[in-house]
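J.: Please find one structure pasted underneath; my questions will follow.
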Amino acid sequence: MNKALELFKSLIGKDSTTSMSPLMRWLNPTLLLAEEGVLEFSYEIREEMTNPMGILHGGTTAAIIDDAVGAAVFSLGKEHWYTTVNLAVDYFAAGKIGDTIIARASIVKNGNQIINTSCEIWNKERTRMIAKGHSNLIKLEKRKT
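For the numbering used here, add 291 to where a residue sits in the sequence shown, where the first one is 1.
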(Lines of atoms letter the chains of each structure in order from A and count residues from 1; the text may use other names and numbers.)
(Lines give C-alpha, C1' and ligand atoms only; values in the text may rest on other atoms or scores of the structure.)
Protein backbone atom coordinates (compact mmCIF):
# COMPACT_ATOMS: atom_id res chain seq x y z
CA MET A 1 0.00 0.00 0.00
CA ASN A 2 1.30 3.49 -0.80
CA LYS A 3 1.94 6.08 1.94
CA ALA A 4 -0.80 8.45 0.75
CA LEU A 5 -3.41 5.69 0.88
CA GLU A 6 -2.13 4.57 4.29
CA LEU A 7 -2.61 8.15 5.51
CA PHE A 8 -6.15 8.36 4.13
CA LYS A 9 -7.09 5.00 5.67
CA SER A 10 -5.84 6.24 9.06
CA LEU A 11 -8.15 9.27 8.73
CA ILE A 12 -11.42 7.39 8.08
CA GLY A 13 -14.09 8.72 10.44
CA LYS A 14 -12.14 11.91 11.16
CA ASP A 15 -12.67 15.48 10.03
CA SER A 16 -10.20 17.32 7.79
CA THR A 17 -8.74 19.85 10.24
CA THR A 18 -5.25 18.37 9.66
CA SER A 19 -5.42 18.24 5.84
CA MET A 20 -2.53 19.66 3.82
CA SER A 21 -5.16 21.43 1.71
CA PRO A 22 -6.27 24.77 3.19
CA LEU A 23 -9.51 24.50 1.21
CA MET A 24 -10.23 21.03 2.57
CA ARG A 25 -9.59 22.30 6.09
CA TRP A 26 -12.20 25.04 5.49
CA LEU A 27 -14.71 22.65 3.92
CA ASN A 28 -13.89 20.23 6.78
CA PRO A 29 -15.44 17.00 5.52
CA THR A 30 -15.29 13.69 7.34
CA LEU A 31 -13.57 10.92 5.41
CA LEU A 32 -15.90 7.92 4.99
CA LEU A 33 -14.03 5.64 2.58
CA ALA A 34 -10.48 5.40 1.27
CA GLU A 35 -9.41 3.07 -1.51
CA GLU A 36 -6.71 3.66 -4.08
CA GLY A 37 -8.28 6.18 -6.45
CA VAL A 38 -11.64 6.33 -4.64
CA LEU A 39 -12.52 8.55 -1.68
CA GLU A 40 -15.81 9.42 -0.04
CA PHE A 41 -16.38 12.44 2.16
CA SER A 42 -19.33 13.67 4.22
CA TYR A 43 -19.92 17.44 4.48
CA GLU A 44 -22.32 19.44 6.62
CA ILE A 45 -23.54 22.48 4.72
CA ARG A 46 -22.74 25.60 6.76
CA GLU A 47 -24.12 29.10 6.18
CA GLU A 48 -20.83 30.35 4.70
CA MET A 49 -21.08 27.61 2.04
CA THR A 50 -24.39 28.95 0.69
CA ASN A 51 -25.67 31.61 -1.66
CA PRO A 52 -28.19 34.38 -0.79
CA MET A 53 -31.06 31.88 -1.22
CA GLY A 54 -29.63 29.76 1.60
CA ILE A 55 -28.70 26.82 -0.62
CA LEU A 56 -25.33 25.28 -1.35
CA HIS A 57 -23.43 27.73 -3.56
CA GLY A 58 -22.47 26.45 -7.01
CA GLY A 59 -18.91 27.60 -6.44
CA THR A 60 -18.74 25.70 -3.16
CA THR A 61 -20.08 22.63 -4.95
CA ALA A 62 -17.39 22.98 -7.62
CA ALA A 63 -14.75 23.46 -4.90
CA ILE A 64 -15.90 20.28 -3.14
CA ILE A 65 -15.62 18.36 -6.41
CA ASP A 66 -12.22 19.84 -7.28
CA ASP A 67 -10.76 19.19 -3.83
CA ALA A 68 -12.21 15.67 -3.57
CA VAL A 69 -10.88 14.57 -6.98
CA GLY A 70 -7.50 16.09 -6.12
CA ALA A 71 -7.45 13.98 -2.97
CA ALA A 72 -8.42 10.90 -5.01
CA VAL A 73 -5.46 11.55 -7.31
CA PHE A 74 -3.20 11.98 -4.27
CA SER A 75 -4.44 8.59 -2.97
CA LEU A 76 -2.75 6.95 -5.95
CA GLY A 77 0.60 7.62 -4.27
CA LYS A 78 2.25 9.08 -7.37
CA GLU A 79 5.55 10.89 -7.04
CA HIS A 80 4.38 14.00 -8.92
CA TRP A 81 1.93 16.77 -8.10
CA TYR A 82 -1.15 17.10 -10.33
CA THR A 83 -3.28 20.16 -10.96
CA THR A 84 -6.70 20.71 -12.52
CA VAL A 85 -6.80 21.71 -16.20
CA ASN A 86 -10.58 21.61 -16.53
CA LEU A 87 -13.64 21.06 -14.38
CA ALA A 88 -17.23 20.60 -15.55
CA VAL A 89 -20.12 20.45 -13.10
CA ASP A 90 -23.77 19.57 -13.62
CA TYR A 91 -26.13 20.75 -10.87
CA PHE A 92 -29.26 18.71 -10.21
CA ALA A 93 -30.71 19.58 -6.79
CA ALA A 94 -30.24 22.00 -3.91
CA GLY A 95 -28.74 21.40 -0.51
CA LYS A 96 -29.58 23.70 2.39
CA ILE A 97 -27.89 24.78 5.61
CA GLY A 98 -27.65 21.85 8.02
CA ASP A 99 -27.94 19.18 5.32
CA THR A 100 -25.30 16.47 5.11
CA ILE A 101 -24.01 15.65 1.64
CA ILE A 102 -21.76 12.84 0.44
CA ALA A 103 -19.09 13.30 -2.24
CA ARG A 104 -17.61 10.24 -3.93
CA ALA A 105 -14.54 11.03 -6.02
CA SER A 106 -12.92 8.45 -8.28
CA ILE A 107 -10.33 8.00 -10.97
CA VAL A 108 -11.82 7.27 -14.39
CA LYS A 109 -8.53 6.93 -16.31
CA ASN A 110 -5.10 6.97 -14.71
CA GLY A 111 -2.95 8.24 -17.56
CA ASN A 112 0.75 9.03 -17.43
CA GLN A 113 0.34 12.78 -18.06
CA ILE A 114 -3.40 13.36 -17.61
CA ILE A 115 -5.67 11.75 -15.00
CA ASN A 116 -9.41 11.85 -15.69
CA THR A 117 -11.64 11.96 -12.62
CA SER A 118 -15.30 11.99 -11.62
CA CYS A 119 -17.20 13.07 -8.52
CA GLU A 120 -20.83 12.64 -7.53
CA ILE A 121 -22.45 14.57 -4.69
CA TRP A 122 -25.51 13.01 -3.05
CA ASN A 123 -27.81 13.76 -0.17
CA LYS A 124 -27.07 11.83 3.04
CA GLU A 125 -29.51 9.04 2.15
CA ARG A 126 -28.04 8.78 -1.36
CA THR A 127 -31.50 9.07 -2.87
CA ARG A 128 -31.00 12.45 -4.59
CA MET A 129 -27.98 13.51 -6.62
CA ILE A 130 -27.00 17.11 -5.87
CA ALA A 131 -24.30 17.46 -8.54
CA LYS A 132 -21.86 15.54 -10.70
CA GLY A 133 -18.54 16.74 -12.02
CA HIS A 134 -15.62 15.51 -14.03
CA SER A 135 -12.14 16.88 -14.29
CA ASN A 136 -8.75 16.31 -15.87
CA LEU A 137 -5.57 16.85 -13.89
CA ILE A 138 -2.10 17.18 -15.42
CA LYS A 139 1.23 16.01 -14.06
CA LEU A 140 3.57 18.67 -12.66
CA GLU A 141 6.91 18.52 -10.84
CA LYS A 142 7.88 15.77 -8.42
CA ARG A 143 6.65 16.07 -4.86
CA LYS A 144 9.26 16.56 -2.17
CA THR A 145 9.24 13.65 0.24
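Note that CB positions come from ideal geometry on N, CA and C, so glycine has one too.
(1) Who are the near neighbours of K387 in its chain, counting only those whose CB is closer than 7 Å to its CB and skipping five residues on each side?
(2) If you measure between the beta carbons of T408 and A396, is that distance less than 8 Å?
(3) Do the stretch 415-428 and the stretch 349-361 make contact, defined as three or more Cβ pairs closer than 8 Å?
(4) Could you tell me if M340 is buried or exposed, where buried requires 16 or more neighbouring beta carbons within 10 angstroms of its beta carbon?
(5) Would you identify the three-state DSSP class for A422, choosing helix, strand or coil?
T.: From the atom records:
(1) As a first step, residue 387 is located in the sequence shown; it is residue number 96 there, counting from the start. Within the same chain, K387 has close Cβ partners I336, G345 and I346.
(2) Translated into the one-based positions of the sequence shown, residue 408 becomes position 117. Translated into the one-based positions of the sequence shown, residue 396 becomes position 105. Yes, these two residues count as a Cβ contact at 8 Å.
(3) yes
(4) As a first step, residue 340 is located in the sequence shown; it is residue number 49 there, counting from the start. Looking at its Cβ environment, which holds 16 or more other Cβ atoms inside 10 Å, M340 is buried.
(5) Within the sequence shown, numbered from 1, the residue matching residue 422 stands at position 131. Looking at A422 - three-state DSSP - the assignment turns out to be strand.
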